[in-house]
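Notes follow the structure.
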Amino acid sequence: MDLLKLGDEAAYAEIYDRYWAILYRYARKILLNEDESEDVVQDIFVMLWSKSRELDIRVSLSSFLNASIRNRILKHFQRSKVRTNYLNSLQQFMEEGKCITDHLVRERELAARIEAELAYLPAKMREVFELSRKAHLSYREISEKLAISELTVKKQVSNATKTLKMRLADTFSLFFTIF
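In terms of UniProt numbering, the sequence shown opens at residue 1 and continues consecutively.
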């Protein structure tokens, strides 16, 4: 370790040769994957070389490397879990999000179409209909507000509804066929 702290490559090579196989077997036994095990062991040796001058190991090198590999494996599991959760979340969003986006787009298109058709209604009929459906006023409240009879309000709302149903029939059939 003293030679390694001085940057001696031969000392590093000796440590590498002595411990690589032991650490790899340990990692392989836990990870059950050759590539991941090699990566984890390689990370340990990269860390050992890059931080060799700063390391202050107070236990045996073997104990230090075993603890390092164990911690690196735990970190690997944690990252894998986060990655898996992210991928599952992304997959779920792709499956559900597409539908949500499609529904929102179609809903906006339908609302725009309804608004366009509302614009073609006679002004008084449109006003009565919008007070009923958008402002959620009762027939009595509308009749009082516009100084017309409740029967007129009821008839205007009924006529507006029939007109809109007729004009939007093709849109509604297409809309409900899609869903």
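All residues carry an ideal CB built from backbone N, CA and C; glycine is no exception.
Per DSSP, reduced to three states, the secondary structure at L55 is coil, with no helix or strand assignment. For Y24, the enclosing alpha helix (DSSP H) has its first and last residue at 9-31.
Annotation for L4: A11, Y12, S52 place their beta carbon closer than 6 Å to its own, counting only its chain and skipping 5 residues before and after. Counting other Cβ atoms within 10 Å of its Cβ, Y19 reaches 16 or more and is therefore classed as buried. Membership of K145 in the alpha helix (DSSP H) is indicated by the continuous run 139-146. Cβ atoms of I44 and S68 come within 8 Å of each other, at about 5 Å. DSSP, reduced to helix, strand and coil, places A116 within a helical segment of the structure shown.
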